[in-house]
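K.L.:
Supplied in structure tokens, the structure appears directly below.
In full-length UniProt numbering, the protein residues as written are 1 to 318.
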């Protein structure tokens with residue numbers, strides 16, 4: 001290790017000299033102790049001022065090196081871990097999903113108007129009370145199912161929309177997309193393609209996302225959506241209603257004929273009468289006696305509720 005005597009100290013301490021002095025101080029060599037005793041008060045102050053600058057530079061360099069060494073896999077895992085922790089541990093009750101909002105709407109006994117005003121924002125409270133006001137009357141339904149219906153996720157409809165949901169800003173989006181897609185938006189051929197693409201990207205399965213965007217075959221798209229890697233049910237449950245909402249909002253606002261079809265259902269709740277789907281549909285066919293009353297549905301009807309909400313927002317009334 002190189003060392004310096006007091007009489008060898010230059011008038012101006014260079015970065016190289018400061019580095020040598022820092023090494024000597026760290027090792028507490030006899031040469032350092034002798035040099036330190038010989039330094040004036042001003043010389044000591046100047047040294048420690050330069051030492052502080054040097055240490056900050058080294059820390060910044062070390063941080064930059066660590067960031068440089070972070071692989072895409074590390075970055076992806078950090079993103080996935082954030083959402084797993086958030087939905088399972090960190091999520092605050094006021095951060096309510098559309099799906100949870102519907103459950104609160106229906107549970108009038110526990111979630112009184114006073115209770116929901118205490119728990120949620122004015123915007124959420126207004127939506128819940130507005131929906132309850134309509135449900136107090138005799139509810140009318142518009143049933144749909146099968147690809148030919150304009151309300152089906154599988155119905156062919158081209159629209160432009162975002163390429164990523166779930167990141168805080170455009171810089172994060174660009175990093176997470178990892179050059180795989182345009183940052184701002186891209187064109188979709190159906191609401192199902194939008195949904196399954198975002199399902200894949202939510203878990204940063206870029207390979208499956210690319211496969212989904214390379215075909216317009218909704219049956220194939222659906223199957224690819226079932227193959228998404230790193231899938232977590234709770235994370236998907238938190239995001240799914242918002243993803244389907246955003247996709248359908250783009251679909252119906254960018255296609256005039258579809259928009260007119262949606263507005264024509266005014267005064268009714270849209271209902272996906274899918275007998276095998278208890279999440280997006282009601283788990284019953286339209287002809288089933290249980291389909292005629294909300295209380296006897298076997299499913300959540302998430303798609304129907306989302307489409308109804310989009311129509312309400314477009315019209316300003318139920």
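A virtual CB, placed ideally from N, CA and C, is assigned to each residue, including glycine.
Remember, predicted model here, so these are calculated numbers, not experimental data.
Could you tell me which residues DSSP pairs with residue 143 in its beta bridges?
P.N.:
For residue 143, which the question treats as bridged, DSSP gives the partners 271.
K.L.:
Alpha carbon to alpha carbon, how far is residue 12 from residue 79? Give it in angstroms, no decimals.
P.N.:
In a straight line, the C-alpha of residue 79 is about 48 Å away from that of residue 12.
K.L.:
By the DSSP assignment, the alpha helix (DSSP H) with residue 259 in it spans what residues?
P.N.:
Start and end: 256-263.
K.L.:
With distances taken Cα to Cα, identify the nearest neighbour of residue 158 among 97, 190, 318 and 275.
P.N.:
Closest option to residue 158, Cα to Cα, is 190.
K.L.:
Going by beta carbon distance, what residues of the same chain come within less than 7 Å of residue 228, once the five residues before and after it are set aside?
P.N.:
Closer than 7 Å at the Cβ level, and outside the excluded window around residue 228, lie 199, 200, 203, 205 and 208.
K.L.:
When you compare only the Cα positions, how much space is there between residue 94 and residue 282?
P.N.:
Rounded to the nearest angstrom, the two C-alpha atoms are 27 Å apart.
K.L.:
Would you list the residues sitting across from residue 187 in a DSSP beta bridge?
P.N.:
In the DSSP output, where bridge partners are listed per residue, residue 187 has 160.
K.L.:
For the alpha helix (DSSP H) containing residue 209, list its first residue and its last residue.
P.N.:
It spans 206-213 - the alpha helix (DSSP H) in which residue 209 sits, taken as one unbroken run.
K.L.:
Can you give me the Cβ contacts of residue 254 inside the same chain, cut-off strictly under 6 Å, excluding the 5 residues immediately before and after it?
P.N.:
Once the five neighbours on either side are set aside, the close Cβ partners of residue 254 are 159.
K.L.:
Please state the DSSP three-state secondary structure of residue 282.
P.N.:
It is coil, neither helix nor strand.
K.L.:
Looking at the structure shown, is residue 1 part of a helix, part of a strand, or coil, going by DSSP?
P.N.:
In the structure shown, residue 1 sits in coil (DSSP, three-state: anything other than H, G, I, E or B).
K.L.:
In this structure, how does DSSP classify residue 11 when only helix, strand and coil are distinguished?
P.N.:
Of the three classes helix, strand and coil, the one that applies to residue 11 here is coil, per DSSP.
K.L.:
Can you find at least 3 beta carbon pairs, one from the stretch 119-132 and one from the stretch 215-235, that sit closer than 8 Å?
P.N.:
No, they do not touch.
K.L.:
If we count the other Cβ atoms within 10 Å of its Cβ and call it buried at 16 or more, is residue 163 buried or exposed?
P.N.:
So residue 163 ends up on the buried side.
K.L.:
Taking the continuous alpha helix (DSSP H) assigned at residue 100, which residues delimit it?
P.N.:
Residue 100 -> alpha helix (DSSP H) spans 98-106.
K.L.:
By Cβ distance, which residues of its chain are closer than 7 Å to residue 326, with the 5 residues on each side in sequence left out?
P.N.:
Shown here, the chain extends from 1 to 318; a query on residue 326 therefore has no answer.
K.L.:
Which residue wins for smallest C-alpha separation from residue 105, given the options 85, 126 and 91?
P.N.:
Of the listed residues, the one whose Cα sits closest to residue 105 is 126.
K.L.:
State the Cα-Cα distance for the pair residue 110 and residue 100, rounded to the nearest angstrom.
P.N.:
Taking the straight line joining both Cα atoms gives about 14 Å.
K.L.:
Determine the closest residue to residue 24 out of 6, 14, 45 and 2, with distance taken between C-alpha atoms.
P.N.:
Per the Cα distances, 2.
K.L.:
Within this structure, are the beta carbons of residue 243 and residue 195 separated by less than 7 Å?
P.N.:
Cβ distance < 7 Å, so residue 243 and residue 195 count as in contact.
K.L.:
What is the residue span of the alpha helix (DSSP H) that residue 219 lies within?
P.N.:
Residue 219 -> alpha helix (DSSP H) spans 218-225.
K.L.:
What is the DSSP secondary structure of residue 293, counted as helix, strand or coil?
P.N.:
Here residue 293 sits in coil by DSSP.
K.L.:
Does residue 277 pass the burial test, meaning 16 or more other C-beta atoms within 10 Å, or should it be called exposed?
P.N.:
Looking at its Cβ environment, which holds 16 or more other Cβ atoms inside 10 Å, residue 277 is buried.
K.L.:
Can you give me the start and stop residues for the alpha helix (DSSP H) that residue 77 sits inside?
P.N.:
Per DSSP, residue 77 belongs to the alpha helix (DSSP H) from 72-85.
K.L.:
Determine the contact status of residue 151 and residue 144, defining contact as a CB-CB distance below 7 Å.
P.N.:
Yes, Cβ-Cβ distance for residue 151 and residue 144 is below 7 Å.
K.L.:
Can you tell me the Cα-Cα spacing of residue 274 and residue 77, whole angstroms?
P.N.:
Using only the alpha carbons, I get a separation of about 36 Å.
K.L.:
Should residue 308 and residue 270 be called a contact, given that it needs their Cβ atoms to be closer than 7 Å?
P.N.:
Yes, these two residues count as a Cβ contact at 7 Å.
K.L.:
Can you check which of these residues, 46, 306, 156 and 66, is closest to residue 18 by C-alpha distance?
P.N.:
The option with the nearest alpha carbon to residue 18 is 46.
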